[in-house]
Amino acid sequence: MKKELRKAVIAGNWKMNKTPSEAKALIEEMKPLVADAKCDVVLCVPFIDIPAAVEAAKGSNIKIGAENIHFKASGAYTGEVSADMLKEAGVEYVVIGHSERRTYFGETDQTVNLRTLAALNAGFKAIVCVGETLEQRELGYTETLLKYQTKMALTNVTAEQLKNVIIAYEPVWAIGTGVTATADQADEGNGFVRAAIAESYGADVAETVTVQYGGSMNAKNADELVSKVNVDGGLIGGASLKAEDFSIIVKAASK
Ligand code: 13P
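In terms of the numbering used here, the sequence shown opens at residue -6 and continues consecutively.
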């Protein structure tokens, strides 16, 4: 395992939190706290917050991401946002296939794949989320499920495009619950994702792909989680809404 071959990425996923003015204030607060990060720092924010966030992050090491992207270039898709719109707004990253999208908004492995391809074709970095439910874990399907979701999401993604892919392993039972996977469970889950990538693209390529952990990662447990060989940073929900907590996680990934 060659952790040094890939860059750790700490990305906040704000979900449906913060208005544009609140986004600006939070980013202003975060900027000095994460300025000396040795990992990549990303904040994925609600669509409506993107202009304010891009403006506030200008000149800093914070990159701005969206929380979704549609796979069509334009058309009659009420409520959706296209790659061109995000590009013009200054977005660099896009979260795709979050379990909340899969659970509440009918996202499937097929649409996750289409959105991933749309994001990569437009030149974004895609943060693609995979993860098992508690029931799937208890039935013993974690490895099968993670490999399937990973391969489905990456269907028709070229090895060249894979350089812009980050996979976030987010066990559904650990999201927003305060129940974090143990560091060993996170490492194992991320390892299954990497093994799936190795099966499709070869082991050497798989070693270069950033695989994050997400699910109740916080200022207290980040150190142990990111020290694991397969854990290349994190996708952070609740703790990314607090400047100090988020900066502590960034520092943990900067060691
Ligand atoms: P929490 O950190 O709030 O558990 O959320 C994790 C997550 O879903 C990030 O995408």
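Every residue gets a Cβ at the ideal spot worked out from N, C-alpha and C, and that includes glycine.
Task: Environment of residue 223 [buried if 16+ CB atoms lie within 10 Å] - done: With 16 or more other Cβ atoms within 10 Å, it is buried.
Open item on the list: Going by DSSP in three states, residue -4 sits in which element: helix, strand or coil?
Closed with: Note: residue -4 maps to helix in three-state DSSP.
TODO: May I ask which residues mark the beginning and end of the alpha helix (DSSP H) holding residue 58?
DONE: Note, residue 58: premise wrong, no alpha helix (DSSP H); beta strand (DSSP E) at 55 to 59.
TODO: Pull up the distance between the alpha-carbon of residue 130 and that of residue 175, whole angstroms please.
DONE: Cα to Cα, the separation comes out at about 14 angstroms.
Open item on the list: Considering Cα atoms alone, identify which of 235, 178, 246 is closest to residue 203.
Closed with: Residue 246 is the option with its Cα nearest to residue 203.
TODO: State the beta-bridge partners of residue 259 as determined by DSSP.
DONE: Past the boundaries of the shown model lies residue 259; the chain is included only from -6 to 248, so the question cannot be answered.
- [ ] In angstroms with no decimal places, state the Cα-to-Cα distance between residue 112 and residue 118.
- [x] Going by the C-alpha atoms only, they are around 7 angstroms apart.
Task: Contacts around residue 252, its chain only, beta-carbon distance under 6 angstroms, and the 5 residues preceding and following it disregarded - done: What the structure shows of the chain is the stretch from -6 to 248, and residue 252 is not part of that stretch, so it cannot be assessed.
Task: Proximity below 9 angstroms, CB of residue 190 to CB of residue 92 - done: No.
Task: Closest Cα partner of residue 17 within the set 105, 74, 55 - done: Considering only alpha carbons, the answer is 55.
Open item on the list: If I measure Cβ to Cβ from residue 192 and keep anything under 7 angstroms in the same chain, skipping five residues before and after, which residues do I get?
Closed with: Cβ neighbours of residue 192 beyond the five flanking positions: none.
TODO: Answer with buried or exposed for residue 68, where buried requires no fewer than 16 other C-beta atoms within 10 angstroms of its C-beta.
DONE: Note on residue 68: under 16 other CB atoms within 10 angstroms of its CB, so exposed under the neighbour-count rule.
- [ ] Output the distance between the C-alpha atoms of residue 135 and residue 182, rounded to the nearest integer angstrom.
- [x] The straight-line gap from Cα to Cα measures roughly 8 angstroms.
- [ ] Within 10 angstroms of the Cβ of residue 172, are there 16 or more other Cβ atoms? Answer buried if so, exposed if not.
- [x] Classification for residue 172: exposed.
Task: Stretch pair the stretch 142 to 157 + the stretch 232 to 243: three plus CB contacts closer than 8 angstroms - done: With a cut-off of 8 angstroms, the stretch 232 to 243 and the stretch 142 to 157 do not count as touching, because too few Cβ pairs lie within range.
Task: Proximity to residue 151 [Cα-Cα], best of 199, 102, 49, 137 - done: Restricting attention to 199, 102, 49, 137, the CA atom closest to the CA of residue 151 is found in 199.
Task: Under the three-state DSSP convention, the category residue 228 falls into - done: DSSP places residue 228 in strand when its eight states are reduced to three.
TODO: Check residue 89 in the structure and name its three-state DSSP category.
DONE: The answer is strand: DSSP assigns residue 89 an E or B state.
Task: Buried or exposed by the 16-neighbour rule on C-beta atoms within 10 Å, applied to residue 52 - done: Burial call: exposed.
- [ ] Run the CB neighbour count on residue 180, radius 10 Å, all protein chains shown included, and call it buried at 16 or more, exposed below.
- [x] Here residue 180 is buried: its Cβ has 16 or more other Cβ atoms, across all protein chains shown, within 10 Å.
Open item on the list: Using 8 angstroms for Cβ pairs, my map puts residue 283 next to residue 49. What's the rounded Cβ distance?
Closed with: Examination of residue 283 is not possible in this model, given that the chain is present from -6 through 248 alone.
Task: residue 24 classed as buried or exposed, judged by whether at least 16 other C-beta atoms fall within 10 angstroms - done: Counting other Cβ atoms within 10 Å of its Cβ, residue 24 reaches 16 or more and is therefore classed as buried.
TODO: Determine the closest residue to residue 96 out of 147, 65, 126, 196, with distance taken between C-alpha atoms.
DONE: Nearest in C-alpha terms to residue 96, of all of 147, 65, 126, 196, is 126.
- [ ] Going by CA-CA distance only, name the one from 138, 170, 30 that's closest to residue 249.
- [x] Only positions -6 to 248 of the chain appear in this structure, which leaves residue 249 out of reach.
TODO: Taking only the alpha-carbon atoms, compute the straight-line gap between residue 76 and residue 62 and give it to the nearest angstrom.
DONE: Going by the C-alpha atoms only, they are around 6 angstroms apart.
Task: Residue span of the beta strand (DSSP E) that contains residue 6, given as start and end - done: Segment 2 to 6, the beta strand (DSSP E) holding residue 6.
Open item on the list: At the level of alpha carbons, what is the spacing between residue 128 and residue 115?
Closed with: C-alpha separation (whole angstroms): 36 angstroms.
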